[in-house]
Amino acid sequence: DSGVTQTPKHLITATGQRVTLRCSPRSGDLSVYWYQQSLDQGLQFLIQYYNGEERAKGNILERFSAQQFPDLHSELNLSSLELGDSALYFCASSPSRGGAGYTFGSGTRLTVV
Amino acid sequence: AQSVAQPEDQVNVAEGNPLTVKCTYSVSGNPYLFWYVQYPNRGLQFLLKYITGDNLVKGSYGFEAEFNKSQTSFHLKKPSALVSDSALYFCAVRDRDQAGTALIFGKGTTLSVSS
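Chain order of the listed sequences is A and B. Residue 1 in our numbering is what sits at position 1 of the first sequence, and the numbering runs on without skipping anything. Every position in the second sequence, counted from 1, becomes a number in our numbering once 113 is added.
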C-alpha cells in the first residue's frame with residue numbers, strides 16, 4: 001500500500017456519460033497529480049494541484065476538470081465520455097509543489113463502451 | 114519544454130546477464146531524473162532518482178543509473194537480471210529550474226528477463 005488511495009478501481013460507463021474519479025493523497029502530501037495511461041499515448045500528465053490550487057496543466061481536455069478540496073483529496077471529472085477516453089487514470093502525490101518524487105496510487109481503470 | 118525518450122519498446126535479457134534500459138531527456142534547465150517500475154495491474158513504484166551530486170545513483174532492488182549531462186542520458190542498469198525484474202520501466206524528468214512543472218514520463222520500456 002503506497003498510501004495514495006484511488007477509487008473506484010474499475011469503472012465501466014457508456015459514451016456521453018460523466019464520471020468522477022477520487023484520490024486521497026498520502027498523509028502530509030500537499031500536491032496531487034493526475035495522469036492518464038493508455039497504450040498508444042503512454043503516461044500523460046493531466047493536471048497538478050497544490051494545497052487546493054491548480055499548479056500546472058498538461059494535456060488535459062476541456063471535457064475534463066479537477067479540483068482539490070480542503071482536506072486535500074482530489075477529484076477528476078470526465079464528461080461527455082468517448083471511447084478514446086478508456087484508459088488507466090493514476091493519481092500521485094508529493095509533499096511539496098516541486099515534488100522531488102511522487103507516490104502513485106494503484107489507478108482507476110475506466111472503460112467507455 | 115521538457116521531454117523524455119525511451120528508444121526501446123522492449124528489452125530482452127537472460128537471467129544473470131547485465132541489463133540496460135535507455136533514457137534520454139530534454140529540459141531547458143537542470144533536470145530532476147527518475148526511474149519508476151510498473152508491474153501488471155499495479156501503480157508505478159519509485160526505483161531511484163537523480164537530484165544533484167554523484168552521477169551514479171543507486172536505487173531499489175539492485176538497480177542503478179548514471180546521469181550523463183553531455184549526452185543528456187540517464188540509463189538504468191543492473192549487473193545481474195532476475196526473472197522477477199520483468200516489468201514496464203518508465204524514465205521521467207522535471208526541470209527543477211522551472212516552477213509549475215510536473216514529472217514528464219517516457220513511453221516506457223518493457224523488460225523481459227528469461228530463465
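Note that the Cβ used here is the ideal one computed from N, Cα and C, for glycine as well. The structure displayed is predicted, hence computed values, not measured ones.
request  = Can you tell me which of the three DSSP states residue 174 of chain B falls into?
outcome  = helix
| Nonlocal neighbours in the same chain, by C-beta distance under 6 Å from residue 193 of chain B, ignoring five residues either side | 129
Is the shortest distance between the beta-carbon of residue 89 of chain A and the beta-carbons of chain B less than 8 Å?
no
When the Cα atoms are used, what is the spatial distance from residue 206 of chain B to residue 200 of chain B? 20 Å
Going by DSSP, what residue range makes up the beta strand (DSSP E) through residue 10 of chain A? 10–13
message = Measuring alpha carbon to alpha carbon, tell me which residue in B/222, B/228, B/155, B/226 is nearest residue 122 of chain B.
response = B/222
Task: Continuous beta strand (DSSP E) stretch holding residue 196 of chain B: start and end - done: Here residue 196 of chain B belongs to no beta strand (DSSP E), and DSSP marks it neither H nor E.
In chain order, what residues of the same chain lie with their CB nearer than 6 Å to the CB of residue 73 of chain A, ignoring the 5 residues before and after it? 24
Chain-ordered residues of the segment 145–157 of chain B with a beta carbon less than 9 Å from chain A:
145, 147, 149, 151, 154, 155, 156, 157
Exercise for review: Kindly indicate which residue of B/176, B/134, B/138 has the alpha-carbon position closest to the one of residue 235 of chain B.
Suggested key: Outside the displayed range of chain B (114 to 228) lies residue 235 of chain B, so it cannot be described from this structure.
**OP:** Check whether the Cβ of residue 56 of chain A lies closer than 8 Å to any Cβ atom in chain B.
**Re:** yes
Against chain B, does residue 72 of chain A count as a neighbour if the rule is that its beta carbon must be under 8 Å from one of theirs?
no
In whole angstroms, give me the CA-to-CA distance for residue 34 of chain A and residue 3 of chain A.
16 Å
Minimum Cβ-Cβ distance from residue 33 of chain A to chain B less than 8 Å:
yes
As assigned by DSSP and simplified to three states, the class of residue 83 of chain A | helix
Which value, in whole angstroms, describes the spacing of the CA atoms of residue 104 of chain A and residue 46 of chain A?
14 Å
Exercise. Which of the three DSSP states, helix, strand or coil, is assigned to residue 96 of chain A?
Worked result: coil
>> Tell me the rounded alpha-carbon separation between residue 16 of chain A and residue 89 of chain A.
In response: 18 Å
Item checked: Identity of the residue in B/226, B/215, B/177, B/203 nearest residue 157 of chain B by Cα -> B/203
- Task: For residue 140 of chain B, collect the residues of the same chain with a Cβ closer than 7 Å to its Cβ; drop the 5 residues on either side in sequence, then sort them by chain order.
- Result: 115, 206, 208
Would you say residue 216 of chain B faces chain A, with C-beta separation under 8 Å as the test?
yes
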